[in-house]
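Be aware that the sequence shown starts at 724, since it is given in our numbering, and climbs by one per residue.
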Amino acid sequence: MDMSGEDISAQESNLLGAFCDMNDVEVPLHLLRYVCLFCGKNGLSLMKDCFEYGCPDSLPFLIAHAFITVVSNFIMSFHLIRIWLHIPAVMQHIIPFRTYVIRYLCKLSDQDLRQSAARNMADLMWSTVKEPLDTALCFDKESLDLAFKYFMSPTLTMRLAGLSQITSGRLFGEKLDQLISDATGEKSKFLPTAQA
724 MDMSGEDISA QESNLLGAFC DMNDVEVPLH LLRYVCLFCG KNGLSLMKDC
774 FEYGCPDSLP FLIAHAFITV VSNFIMSFHL IRIWLHIPAV MQHIIPFRTY
824 VIRYLCKLSD QDLRQSAARN MADLMWSTVK EPLDTALCFD KESLDLAFKY
874 FMSPTLTMRL AGLSQITSGR LFGEKLDQLI SDATGEKSKF LPTAQA
């Protein structure tokens with residue numbers, strides 16, 4: 724296989740194929756190597772553990788922000804990489820990390836959430852996983868919890884950010900309608916029904 728003018732062995736191709744889609748010849752080989760190295764050495768899993776077991780007292784916000792800064796290059800590249808990364812690899816590495824970072828953000832005080840660094844972290848986590856993975860995620864409770872925390876802030880700017888996230892969820896209305904219907908046994912009156 725020749726990617727970007729560089730020959731790779733069948734063994735390396737198999738190693739890279741564990742995480743990445745090797746059918747796209749436009750991908751720089753060094754990028755695939757770094758993605759596989761980071762995933763193969765459990766880079767995101769180790770970062771996830773810091774957020775999973777940490778709270779603002781044990782994982783100060785400045786250190787958490789430094790972790791996100793390190794990982795953000797990978798996450799921001801993820802928007803480009805997700806077309807090369809296999810869905811199982813995304814589900815194994817990206818989704819758990821995102822979940823625990825959002826839960827960590829929900830534990831922050833209102834004053835900490837007002838910092839631009841916290842807002843950048845929240846925006847990054849909210850935008851990390853979009854189609855086609857949103858159908859696999861279905862109802863994104865963590866994102867809605869964080870959006871609700873923003874919405875309940877006494878600061879207008881934060882309230883508007885929370886409201887924007889609450890209303891931007893494409894599946895939110897459908898899932899809310901479904902939850903209400905399941906709980907009451909009746910059709911929800913919150914969403915209009917299609918006219919035949």
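Where a beta carbon is used, it is the ideal one built from N, C-alpha and C, also for glycine.
> Closest by CA to Ser925, which one among Leu867, Leu879, Lys872?
Replying inline: Nothing can be reported for residue 925, as the shown portion of the chain is limited to 724 through 919.
> With DSSP run on the structure shown, which of helix, strand or coil describes Asp868?
Replying inline: In the sequence shown, the residue the question calls residue 868 occupies position 145. Three-state DSSP puts Asp868 in a helix.
> So what's Cys743 in DSSP terms, helix, strand or just coil?
Replying inline: Walking along the sequence shown from the start, residue 743 turns up at place 20. Judged by DSSP in its simplified three-state form, Cys743 adopts strand.
>> The alpha helix (DSSP H) that contains Gly763, what's its start and end?
In response: The count along the sequence shown starts at 1 and reaches residue 763 at position 40. Annotation for Gly763: the continuous alpha helix (DSSP H) segment containing it runs 752 to 763.
> In whole angstroms, what separates the C-alpha of Asp833 from that of Met770?
Replying inline: On the sequence shown, residue 833 is found 110 positions in, with the first residue counted as 1. On the sequence shown, residue 770 is found 47 positions in, with the first residue counted as 1. The straight-line gap from Cα to Cα measures roughly 24 Å.
> Taking one C-beta from the stretch 841 to 853 and one from the stretch 817 to 826 each time, how about it: are there three or more such pairs within less than 8 Å?
Replying inline: These segments touch.
> Looking only at its own chain, which residues have a Cβ that is under 8 Å from the Cβ of Ser732, when we skip the five neighbours before and after it?
Replying inline: By 1-based counting over the sequence shown, the position of residue 732 is 9. Shown here for Ser732: not one same chain residue has a beta carbon closer than 8 Å to its own, the five before and five after excluded.
> When burial is assigned at 16 or more other CB atoms within 10 Å of the CB, is His753 buried or exposed?
Replying inline: For this step, residue 753 is matched to residue 30 along the sequence shown. Looking at its Cβ environment, which holds fewer than 16 other Cβ atoms inside 10 Å, His753 is exposed.
> Ordered along the chain, which non-local residues of its own chain (more than five positions away) have a Cβ less than 7 Å from that of Asp730?
Replying inline: What you label residue 730 is simply residue 7 of the sequence shown in a count that begins at 1. So no residue of the chain qualifies.
> Which class does Asp863 belong to by DSSP, given the choice of helix, strand or coil?
Replying inline: Sequence index remark: in the sequence shown, residue 863 carries index 140 (1-based). Coil.
> On the three-state DSSP scale, how would you describe Asp730?
Replying inline: Looking up residue 730 in the sequence shown gives position 7. Collapsing the DSSP output to three states places Asp730 in a strand.
>> Only counting the same chain, and skipping five residues up and downstream in sequence, which positions put a Cβ closer than 6 Å to that of Leu755?
In response: Within the sequence shown, residue 755 is the residue found at index 32, counting from 1. Excluding sequence neighbours, Leu755 sits near Leu739, Cys743.
> So the alpha helix (DSSP H) Cys778 belongs to, where does it begin and stop?
Replying inline: Translated into positions along the sequence shown, residue 778 becomes position 55. The continuous stretches of alpha helix (DSSP H) do not include Cys778, and DSSP gives it neither H nor E.
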